[in-house]
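Order-wise, the sequence lines are chains C and D. Sequential numbering from 0 applies to the first sequence in numbering that gives the first Met the number 0. Sequential numbering from 0 applies to the second sequence in numbering that gives the first Met the number 0. The beta carbon of each residue, even a glycine, is placed where N, CA and C say it ideally should be. Working notes, structure below.
Number of protein chains: 2
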Amino acid sequence: MSQVGDLGMSVGYVLKQAAAALRGAMDDALRPLDLTVSQYSCLEVLGQRSGLSNSELARATFVTRQAMNQVLRGLQERGLLTRPAEASHGRSRPTELTDEGRRALAAASRAVAAVEQRMLAGFDDDGRRRLLGDLLTCRDAVS
Amino acid sequence: MSQVGDLGMSVGYVLKQAAAALRGAMDDALRPLDLTVSQYSCLEVLGQRSGLSNSELARATFVTRQAMNQVLRGLQERGLLTRPAEASHGRSRPTELTDEGRRALAAASRAVAAVEQRMLAGFDDDGRRRLLGDLLTCRDAVS
DNA sequence: GGAGGTGTGTCAGGATTTTGACATGAGTCA
DNA sequence: TGACTCATGTCAAAATCCTGACACACCTCC
Numbered sequence: 000m001s002q003v004g005d006l007g008m009s010v011g012y013v014l015k016q017a018a019a020a021l022r023g024a025m026d027d028a029l030r031p032l033d034l035t036v037s038q039y040s041c042l043e044v045l046g047q048r049s050g051l052s053n054s055e056l057a058r059a060t061f062v063t064r065q066a067m068n069q070v071l072r073g074l075q076e077r078g079l080l081t082r083p084a085e086a087s088h089g090r091s092r093p094t095e096l097t098d099e100g101r102r103a104l105a106a107a108s109r110a111v112a113a114v115e116q117r118m119l120a121g122f123d124d125d126g127r128r129r130l131l132g133d134l135l136t137c138r139d140a141v142s
Numbered sequence: 000m001s002q003v004g005d006l007g008m009s010v011g012y013v014l015k016q017a018a019a020a021l022r023g024a025m026d027d028a029l030r031p032l033d034l035t036v037s038q039y040s041c042l043e044v045l046g047q048r049s050g051l052s053n054s055e056l057a058r059a060t061f062v063t064r065q066a067m068n069q070v071l072r073g074l075q076e077r078g079l080l081t082r083p084a085e086a087s088h089g090r091s092r093p094t095e096l097t098d099e100g101r102r103a104l105a106a107a108s109r110a111v112a113a114v115e116q117r118m119l120a121g122f123d124d125d126g127r128r129r130l131l132g133d134l135l136t137c138r139d140a141v142s
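Here it is, written out as structure tokens:
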């Protein structure tokens, strides 16, 4: 006898499906802009909080700092962000968006916002706030 | 420490975070059983609906059929499932769990259920049903 | 001052996934 | 029958991510 019961009724399973569907839709929306979801996530976090280090960005996007390092190199190569050649304190190097990076972020942000708008079309303001709170509860409970 | 500002108010961003946290917790819970999340997902779907083909399993778990093929090979190698040597109709080969596969699934299902229980500790029955319905709405709207 | 612990950046290797491609089997329709 | 379309399985290459490891910088405590 399965502990999970009907798979279609498992919150965890549907959560995973919803996240996968969202990621796929974001991927499609970002492909014309030549950005991956990981790259966009990095830019978005940097747009909100400038000057974060590699490790801080990794934690914010739920990937390892090694993976984030690869993303940062690619974005730096393309001129979308800058890092000082050497750290001023410790080993961490604060990352900043360039003007071109801000332009790319603006375009990507619009594309992703359209996807999120489509995902939440069936919710009113109260419903969205409620869903957001529920997801925060889940995230914190399982972390 | 790292409040991300407006990003923390994005349902899509928090959905991604919650799914990532859940995946990490599932990974930890399944590691003692020598199963990855992908492998468990495959077993769980097969436990619910036996006889699915490679492509059907891939769609059910939101991965490509190439990736699912790799998972199926590993599980078949370990004797957790069986596939007929050749297809009886078309090219699809229906997959079935072995007795050992069912035992592994039962143990994994218990471990994952504990994680999900922890994730939903803060919800009552109505809250869980509501969250499940909201996630289904999101999934279908963005697919 | 020195030892130990923590956080950070980076390198290397392996595992997983995706993209692109090709061949096969089944169904549709002229 | 033959051309066309579609779904499936599979192979190969590339991209991505993770695990393990190492060195460096800072901090605390003795």
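Member of 49(C), 22(C), 11(C) whose CA lies at the smallest distance from the CA of residue 11(D): 22(C)
Listing by chain order, which chain D residues have their CB less than 7 angstroms from the CB of residue 136(C)? Chain order gives the chain D residues near residue 136(C) as 121, where near means a beta carbon separation below 7 angstroms.
Going by DSSP, name the residue or residues bridged to residue 81(D). 95(D)
By a C-beta neighbour count over all protein chains shown, 10 Å radius and 16 as the cutoff for buried, is residue 50(D) buried or exposed? Result: exposed.
Could you list which residues in chain C have their beta carbon closer than 7 angstroms to that of residue 142(D), in chain order? 20
Extent of the continuous alpha helix (DSSP H) run through residue 58(C): 53-60
Local Cβ density within 10 Å of residue 115(C), reported as buried at 16 or more and exposed below that: buried
Just verifying my parser: in three-state terms, what is the DSSP assignment at residue 119(D)? coil
For residue 132(C), count neighbouring C-beta atoms within 10 Å of its own C-beta (all shown protein chains included) and say buried if the count is 16 or more, exposed if not. exposed
How many whole angstroms separate the CB atoms of residue 79(D) and residue 103(D), which I take to be in contact at a CB cut-off of 8 angstroms? 6 angstroms
From 108(D), 126(D), 135(D), pick the residue whose C-alpha is nearest to that of residue 30(D); which is it? 108(D)
Given a cut-off of 8 angstroms on the beta-carbon distance, is the pair residue 71(D) and residue 53(D) in contact? Going by C-beta atoms, residue 71(D) is nearer than 8 angstroms to residue 53(D).
On the CB-based measure, 16 or more other CB atoms within 10 Å of its CB, does residue 94(D) come out buried or exposed? buried
Assuming contact is defined by CB atoms lying nearer than 8 angstroms, are residue 32(D) and residue 44(D) in contact in what I supplied? no
Would you mind sorting residue 121(C) into buried or exposed? The rule is 16 or more other CB atoms within 10 Å of its CB. Burial call: exposed.
Proximity test, Cβ basis, 8 angstroms: residue 30(C) and chain D: no
In its own chain, which residues sit with a C-beta less than 6 angstroms from the C-beta of residue 96(C), not counting the 5 before and 5 after it? 45, 80
6 angstroms CB neighbourhood of residue 60(D) in its chain, flanking five on each side removed: 40
Looking at the structure shown, is residue 86(D) part of a helix, part of a strand, or coil, going by DSSP? Under the three-state reduction of DSSP, residue 86(D) is assigned to coil, being neither helix nor strand.
Who are the Cβ neighbours of residue 24(D) in its own chain at under 6 angstroms, not counting the five residues just before and after it? If you ignore the 5 residues before and after residue 24(D), its C-beta comes within less than 6 angstroms of the C-beta of 114, all in its own chain and listed in chain order.
First and last residue of the alpha helix (DSSP H) that includes residue 138(D)? 124-141
For a test of your reading of the model: does the CB of residue 95(D) fall under 7 angstroms from any non-hydrogen atom of the ligand SAH? Yes or no. Looking for the ligand SAH in the displayed structure turns up nothing, as the structure carries no ligands at all.
Cβ of residue 18(C) within 8 angstroms of Cβ of residue 117(D)? no
Which chain C residues sit within Cβ distance under 8 angstroms of residue 66(D)? The contacting residues do not exist; residue 66(D) stays about 12 angstroms from chain C at best.
Under a three-way DSSP split, which group does residue 22(C) fall into? helix
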